[in-house]
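Asker: So the protein lines, in turn, are chains G and S.
Taking my numbering, the leading residue of the first sequence gets 4, the next gets one more, and so forth.
Taking my numbering, the leading residue of the second sequence gets 67, the next gets one more, and so forth.
We put the CB at the ideal spot given by N, CA and C, even for glycine.
Bear in mind that the values here come from a model prediction, so they are computed numbers and not experimental data.
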Amino acid sequence: GAVVSQHPSWVICKSGTSVKIECRSLDFQATTMFWYRQFPKQSLMLMATSNEGSKATYEQGVEKDKFLINHASLTLSTLTVTSAHPEDSSFYICSVGTFSYEQYFGPGTRLTVT
Amino acid sequence: TQLLEQSPQFLSIQEGENLTVYCNSSSVFSSLQWYRQEPGEGPVLLVTVVTGGEVKKLKRLTFQFGDARKDSSLHITAAQTGDTGLYLCAGVQQGGKLIFGQGTELSVKP
């Protein structure tokens, strides 16, 4: 399977600031990456599908102007949470999609907005 | 909208016991995947089932895909403390998107 890294692993930011989370595919050329968020004791909720070289596809209810996704290369996708608020505090996880529709997940980024 | 109902949501058992987790939907999936997630980490893929009626074994874990490809189960034999974690089923949708069940929080006590 693909090896996926995320940076940072945790971040604390103040309300109103923006924070960028990186997702890297270390050994697989990822044309498709996915971004999820997960609240404590809950399952993963898909936020958007990130396609290399094109605009991301957002799930219903996810604000595309607030959660900016850029997938400029086959190994890197970034998620920027703009004007973060405490309710954006969550565990953000990216994954790499393969041709067999299996997904390999990064270790996640814990975001805390104060 | 396709939904996956996973049950039970919480399970606390003693080491050595057997358990089964269920994943049900009213929709047909082309395939279904099972993941295990530990606190503070991303999910790790355990298995993908594709064919209706398929049974796959991974050591003490047995995965089954329903004949109609609407449901799946995970059975763990002689659970160990190392099996503790969050188990997630996920149905594969068009374009490779996954729809996750609510998850089963398993705690295996020594």
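Between the C-alpha atoms of residue 3 of chain G and residue 42 of chain G, what's the straight-line distance to the nearest angstrom?
Answerer: Nothing about residue 3 of chain G can be reported from this structure: the residues present for chain G run from 4 to 117 only.
Asker: Could you compute how far the alpha carbon of residue 80 of chain G sits from the alpha carbon of residue 73 of chain S?
Answerer: Their Cα atoms are separated by approximately 34 Å.
Asker: Alpha carbon to alpha carbon, how far is residue 69 of chain S from residue 157 of chain S?
Answerer: So the two alpha carbons sit approximately 9 Å from each other.
Asker: Nearest to residue 175 of chain S by CA position, among S:71, S:75, S:80, is which residue?
Answerer: The shortest Cα separation from residue 175 of chain S among S:71, S:75, S:80 belongs to S:80.
Asker: For the region 86 to 101 of chain S against the region 131 to 138 of chain S, are there 3 or more C-beta pairs whose distance is under 8 Å?
Answerer: These segments touch.
Asker: Across the region 108 to 126 of chain S and the region 142 to 154 of chain S, are there enough close Cβ pairs to call them in contact, namely three or more that are closer than 8 Å?
Answerer: Contact between the region 108 to 126 of chain S and the region 142 to 154 of chain S is present, because at least three Cβ pairs lie under 8 Å.
Asker: Can you list, in chain order, the residues of the region 13 to 47 of chain G whose Cβ is nearer than 8 Å to any Cβ on chain S?
Answerer: Listed by position along the chain: 35, 37, 44, 45, 46, 47.
Asker: With 16 other CB atoms within 10 Å as the buried threshold, where does residue 44 of chain G fall?
Answerer: Classification for residue 44 of chain G: exposed.
Asker: Check the Cβ of residue 110 of chain G against every Cβ in chain S and list those closer than 7 Å, keeping chain order.
Answerer: Here the neighbours are 107, 108.
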